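A.B. asks:
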Amino acid sequence: MDWMETRQFLSPCFPEVVRTELEMLLPGELRELRIRADRPAVFVTATRTAQIGWAPGQMQLEALVEALSEHSLYARAEETCQGYITLRGGHRMGLCGRIVQRGSGHALQDIGSVCIRIACEWPGAADMLRSRLMLEDRPLSILIIGLPGTGKTTLLRDLARQLSSGRKALQLAVIDERGELAACLNGVPQLDVGVSADVLDGLSKAAAVPWLIRSMSPQVIVTDELSDADDAACVLDARACGCAICASVHGSSLQEVASRPAFAAMMAHRAFDLYAVLSAEGGGQITAMYDRSGSPLELS
Amino acid sequence: MTRAVSAVMAGLLCALAGLRHAASLRADEARLRRWGTILERLSVILREQADPLPTVLRQAADADAAPDRLLHRMAALMQAKPLITMQDIFSSLCEPCIEHDVLTRMFAGLGRGTLENRLLATTQAASEISLMTNQAAQRAAKDAKLWQTLGWTGGACLTLLLL
């Protein structure tokens, strides 16, 4: 979905004042739209954060969420319990509000804040990584480290696209637990992850890795946001089965990630051949690269 | 001659008024019965499918009755103007009728909250509509005949009186 289509999708759901602002934005400019009940909405672009003259009430906010979900919010309870839903075009709507206990689980009752993250594709963002990821004909594993909003997912998506396209396309599988990488709608990726990529959408990494290895025999598995020891164990499982892994993790440096107890085993086993650290300023800029033993590599 | 024609016309008008009222009682019953069927289908579709609400409304309204046509118009408007709530759309499209308040409440509940909340709104409305249908059926069976007879009798008496 390009910017024109994104605008056409978003505009009918917003009042005139927001529509006018959307009209003025250039393709790729809008990063986030933050809307909070009874407070002014905020546009976050690549260069600025600006308040706009629209402060919706709580009911208006719920109507907005209902509209953006194309009136299917009721059917997406599992996603809302995770705190977000994926919109058409791969955009992600984070939700916040009052949580109520329902049996053994919980549900989001009154929505108080919404953060719409605009998915974007940067073809070529992973050019620098692509050339380093093949050793002879064997794909290597890479961990992309970055703070939230620094472009990890975008970089990973372009890496997937490049690895699974062209004459030497690899058999690639994407574990899209949160629907951000490929943004599938009815099983079809909305964002370009390459022609030979199989996407397993909405399944936890722990369940997805054996599934993919059993059913799709991938050469490379791509997944985002490793977060706990279970995720780290999945990486080791996949590596033990001969799959390369391209993954991302929240963090500001390799040292910080390596010091987390949850990742101790993964780091000790040197599950990744390469580490790329992204600039805190965003834009998917790589500021440092390391080899499997943690030695710095030259950026070219 | 003019007097006789006027007397017959007045009698016919009186009879027509009675017949019209009887027909409206029967129409109320038929419409409520159709709403009952639609609400039952709506519950099932909501529970079993995960489609957007406009699609659910269209699937539930599969006949050529007034409630079905109303739901199709609602579905179209929901897609054209997604920010307007279901309740407001219903209120703007539905003409005054005995089930108006029940359905307005139901669409307010159907348009927000969890699946359970929405199902609850539908089920409550379905039971209220079911009660209203029974009452309307009794009225139609008893009062419709009465109004029909009253119309004809009143018309005949009026004609005779005027003659």
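Residue numbers (this note's numbering), protein chains in the order written: chain A, 1 to 300; chain B, 1001 to 1163.
We put the CB at the ideal spot given by N, CA and C, even for glycine.
As the structure is a prediction and not an experimental result, all values here were calculated from the model.
Kindly indicate which residue of A/Arg157, A/Glu5, A/Ala233 has the alpha-carbon position closest to the one of A/Phe272.
C.D. replies: A/Ala233
A.B. asks: Is there at least one Cβ from chain B nearer than 7 Å to A/Pro27's Cβ?
C.D. replies: no
A.B. asks: My assumption, with CB atoms under 8 Å, is that A/Leu278 sits in contact with A/Thr287. Please give the rounded CB distance.
C.D. replies: 7 Å
A.B. asks: Please name the residues in the region 11-22 of chain A whose beta-carbon is closer than 9 Å to at least one beta-carbon of chain B, in chain order.
C.D. replies: Within the region 11-22 of chain A, the residues whose Cβ lies closer than 9 Å to some Cβ of chain B are Pro12, Cys13, Phe14, Pro15, listed in chain order.
A.B. asks: For a test of the three-state rule: what should DSSP assign to A/Arg117, helix, strand or coil?
C.D. replies: strand
A.B. asks: Can you list, in chain order, the residues of its chain with a C-beta nearer than 6 Å to that of A/Ala50? Leave out the 5 residues immediately preceding and following it.
C.D. replies: If we look at A/Ala50 and ignore the five residues flanking it on each side, its Cβ neighbours are Phe43.
A.B. asks: What does the alpha-carbon distance come out to for the pair B/Leu1071 and B/Leu1057?
C.D. replies: The alpha-carbon separation between B/Leu1071 and B/Leu1057 amounts to approximately 6 Å.
A.B. asks: Under 6 Å Cβ to Cβ from B/Ser1130, same chain only, skipping five residues before and after it: list those, please.
C.D. replies: Gly1036
A.B. asks: Using only alpha-carbon positions, find the residue among B/Leu1162, B/Glu1128, B/Leu1120 that is nearest to B/Ser1043.
C.D. replies: B/Leu1120
A.B. asks: Using C-beta distances below 6 Å, list every residue in its chain close to A/Gln162, excluding the 5 sequence neighbours before and after it, in chain order.
C.D. replies: Ala126, Arg130
A.B. asks: Can you confirm whether B/Leu1083, when its beta carbon is compared against all beta carbons of chain A, has any partner nearer than 7 Å?
C.D. replies: yes
A.B. asks: Per DSSP, which one or two residues make a beta bridge with A/Glu32?
C.D. replies: A/Val44, A/Arg117
A.B. asks: Output needed for A/Ala262: all residues of its chain with C-beta closer than 7 Å, excluding positions within five of it in sequence on either side, in chain order.
C.D. replies: Asp228, Ala229, Ala232
A.B. asks: Candidates A/Glu281, A/Leu170, A/Ala276: which alpha carbon is nearest A/Thr45's?
C.D. replies: A/Glu281
A.B. asks: Quick check: the Cα distance between B/Met1001 and B/Ala1137, rounded to an integer number of angstroms?
C.D. replies: 43 Å
A.B. asks: Could you check the C-alpha separation between A/Ser69 and B/Leu1093 for me, to the nearest Å?
C.D. replies: 23 Å
A.B. asks: Am I right that A/Leu172 and A/Ser196 are in contact with their C-beta atoms under 8 Å? What's the rounded C-beta distance?
C.D. replies: Rounded, the Cβ-Cβ distance is 6 Å, consistent with contact.
A.B. asks: Check for me: the beta strand (DSSP E) holding A/Met267 runs from which residue to which?
C.D. replies: Where A/Met267 is concerned, there is no enclosing beta strand (DSSP E), although the alpha helix (DSSP H) it sits in stretches over 264-268.
A.B. asks: State the Cα-Cα distance for the pair B/Leu1012 and B/Ala1144, rounded to the nearest angstrom.
C.D. replies: 18 Å
A.B. asks: Could you check whether the Cβ of B/Arg1058 sits closer than 7 Å to any Cβ belonging to chain A?
C.D. replies: no
A.B. asks: Taking Cβ positions only, does B/Arg1118 come closer than 7 Å to chain A?
C.D. replies: yes
A.B. asks: Would you please state the rounded distance, in angstroms, between the beta carbons of B/Leu951 and B/Thr1123? I believe it to be under 8 Å.
C.D. replies: This structure leaves residue 951 of chain B out entirely; chain B is present only between 1001 and 1163.
A.B. asks: Quick test of the definition: if touching needs 3 or more C-beta pairs under 8 Å, does the region 146-155 of chain A touch the region 56-65 of chain A?
C.D. replies: no
A.B. asks: Shortest alpha-carbon distance to B/Ala1030 belongs to which of B/Arg1112, B/Leu1115, B/Thr1055, B/Asp1064?
C.D. replies: B/Asp1064
A.B. asks: Using a Cβ-Cβ cut-off of 7 Å, state whether B/Arg1112 counts as contacting chain D.
C.D. replies: Among the protein chains of the structure shown, namely A and B, there is no chain D.
A.B. asks: Looking only at C-alpha atoms, which of A/Leu299, A/Gly284, A/Gly283 sits nearest to A/Tyr290?
C.D. replies: Closest by alpha carbon: A/Leu299.
A.B. asks: Which value, in whole angstroms, describes the spacing of the CA atoms of B/Arg1153 and B/Thr1159?
C.D. replies: Per the sequence presented here, residue 1153 of chain B reads as Thr, with Arg not at that position. If you take the alpha carbons of B/Thr1153 and B/Thr1159, they lie about 10 Å apart.
A.B. asks: What do you get for A/Gln255, buried or exposed, if any count of 16 or more other CB atoms within 10 angstroms of its CB means buried?
C.D. replies: Classification for A/Gln255: exposed.
A.B. asks: If you measure between the beta carbons of B/Leu1019 and A/His71, is that distance less than 7 Å?
C.D. replies: no
A.B. asks: Measure the C-alpha to C-alpha separation of A/Gly53 and A/Pro40 and round it to an integer number of angstroms.
C.D. replies: 6 Å
A.B. asks: With DSSP as the reference, label B/Leu1021 as helix, strand or coil.
C.D. replies: Inspection of the sequence shows that residue 1021 of chain B is occupied by His rather than by Leu. Reduced to three states, the DSSP call for B/His1021 is helix.
A.B. asks: What does B/Met1078 touch in chain A if you count any residue whose Cβ is under 8 Å from its own?
C.D. replies: His71
A.B. asks: Does DSSP classify A/Gly146 as helix, strand or coil?
C.D. replies: Annotated three-state conformation of A/Gly146 is strand, per DSSP.
A.B. asks: Does the region 1100-1108 of chain B come close enough to the region 93-103 of chain A to have 3 or more Cβ pairs within less than 8 Å?
C.D. replies: no
A.B. asks: Give the residues of chain A in contact with B/Leu1115, contact being defined as C-beta atoms less than 8 Å apart.
C.D. replies: Tyr74, Ala75, Ala77
A.B. asks: Which residues in the same chain as A/Ala107 place their Cβ atom closer than 6 Å to its Cβ, once the five residues preceding and following it in sequence are excluded?
C.D. replies: Val100
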